[in-house]
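Chemist: Count the sequence shown with our numbering and you get residues 196 to 436, in order.
Every residue gets a Cβ at the ideal spot worked out from N, C-alpha and C, and that includes glycine.
Nothing here was measured: the structure is a model prediction, and the numbers come from that model.
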Amino acid sequence: MKFPRPADPTIEEVLRTFLDVSAQRLKPATFRKYKSVIELFTISMNDYGSGKLSKAETVMFEALYNARGAAHREYCQVFGPEKIMGNVSEFLGYFMPRKVMGGKELMRAAGTVTKKLAQWLHEQGLVDTESAEAAMQTGASAAKALPAAVRLAEALYDYCRHHPVDDWSDEIDDHFTVEKVQPDRLHLAPLLGDTPEDQTIVVNLPQAITALCQVGWEISLSLGRTKNGWRILESGTVYAL
């Protein structure tokens with residue numbers, strides 16, 4: 196097994212350069228958004244990036260990560276920019292909606308900054324064309340989808356708060372995939388597939404809410420079955436990517 200060496204430059208160093216370059220062309224308010232997104236992306240990679248490593252890379256990383264004092268290294272202090280694009284989907288699809296749960300502006304910025312980062316990395320010859328284009332597409336989609344998901348999550352939360360359910364029998368806590376959207380209802384498929392009838396659940400909702408939803412999104416919900424059908428007891432994160 197060939198033992199790898201820490202990268203030069205590292206992800207941390209490359210991201211610092213990206214911010215330095217961005218600071219020269221951006222207004223202060225916009226740059227603050229860039230800096231916040233890059234800091235969050237760094238946290239995401241440090242927390243989850245090691246799960247995508249080869250056996251040899253894992254051995255090297257664990258030795259450096261578990262080192263004490265000044266010898267300790269995080270993921271972004273060990274690996275190079277070629278690892279960045281492989282962490283984009285988890286950052287935008289999971290980390291931002293689940294761990295950050297920020298407002299619409301931050302969510303939009305996360306997609307935009309990620310797209311700009313991918314473009315810059317490719318221009319610098321640090322990542323290949325295919326992975327850069329894929330990350331740019333994901334970033335562009337996220338810039339629209341993540342704020343939209345926040346709007347839906349806020350609408351569901353407000354609806355549950357103003358329409359509490361007092362009496363229900365069966366209860367399901369799960370992540371549900373939106374299979375169909377109608378003006379007055381959502382058709383939801385539980386991730387675990389363990390509904391009492393083992394089938395899609397239909398939940399009646401106002402059109403103001405269903406209009407915010409898209410087929411394929413996943414929503415964390417607690418549902419209760421009442422005499423008038425399934426109702427939302429509690430709502431959580433909406434995953435749009």
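1) Pairing CB atoms from the stretch 249–269 with CB atoms from the stretch 305–316, are three or more of them under 8 Å?
2) Apart from the five residues just before and just after G431, which ones in its own chain have a Cβ nearer than 6 Å to its Cβ?
3) State whether the stretch 358–369 contacts the stretch 417–426, with contact taken as three or more CB pairs (one from each stretch) at a distance under 8 Å.
4) Rounded to a whole number of angstroms, what is the C-alpha to C-alpha distance between K222 and E257?
5) Count the other CB atoms, across all protein chains shown, that sit within 10 Å of the CB of V308; report buried if there are 16 or more and exposed otherwise.
6) Given a cut-off of 7 Å, decide if R303 and A338 are closer than it, judged by their beta-carbon atoms.
7) According to DSSP, is F274 helix, strand or coil?
8) Residues bridged to R442 by DSSP?
9) Would the beta-carbon of C408 fall within 7 Å of that of V373?
10) If you draw a straight line from the C-alpha of E439 to the C-alpha of R426, how long is it?
11) Is it true that the stretch 210–229 meets the stretch 287–297, where meeting means three or more beta-carbon pairs spaced less than 8 Å apart?
12) What do you get for L381, buried or exposed, if any count of 16 or more other CB atoms within 10 angstroms of its CB means buried?
13) Find out if the Cβ-Cβ distance for the pair A435, A340 is shorter than 7 Å.
14) Between V433, L210 and K247, which has its C-alpha nearest F236's C-alpha?
15) The alpha helix (DSSP H) spanning L312 covers which residue range?
16) Provide the residue span of the alpha helix (DSSP H) that contains A258, from first to last.
17) Could you check if G350 is buried or exposed, using at least 16 other CB atoms within 10 Å of its CB as the buried criterion?
Modeler: Result, derived from the coordinates:
1) Fewer than three Cβ pairs drawn from the stretch 249–269 and the stretch 305–316 lie within less than 8 Å of each other, which leaves the two stretches out of contact.
2) The beta carbon of G431 lies closer than 6 Å to those of S415 in the same chain, with the five residues before and after it left out.
3) Verdict: yes, contact present.
4) Separation of K222 and E257 (C-alpha to C-alpha, rounded to the nearest whole angstrom) is 40 Å.
5) That one is buried.
6) Yes. Within cutoff.
7) Annotated three-state conformation of F274 is coil, per DSSP.
8) The first residue shown for the chain is 196 and the last is 436, placing residue 442 beyond what the model contains.
9) Cβ distance < 7 Å, so C408 and V373 count as in contact.
10) Any answer about residue 439 is impossible in this case: the structure gives the chain only from 196 up to 436.
11) Segments in contact, no.
12) Answer is buried; the Cβ neighbour count reaches 16.
13) One thing to note: A435 has its Cβ within 7 Å of the Cβ of A340.
14) Ranking V433, L210 and K247 by CA distance to the CA of F236 puts L210 first.
15) L312 -> alpha helix (DSSP H) spans K299 to E318.
16) In the DSSP annotation of this structure, the continuous segment of the alpha helix (DSSP H) that includes A258 starts and ends at K250 to Y260.
17) Here residue 350 turns out to be Ala, not Gly, going by the sequence shown. With 16 or more Cβ atoms within 10 Å of its Cβ, A350 is classed as buried.
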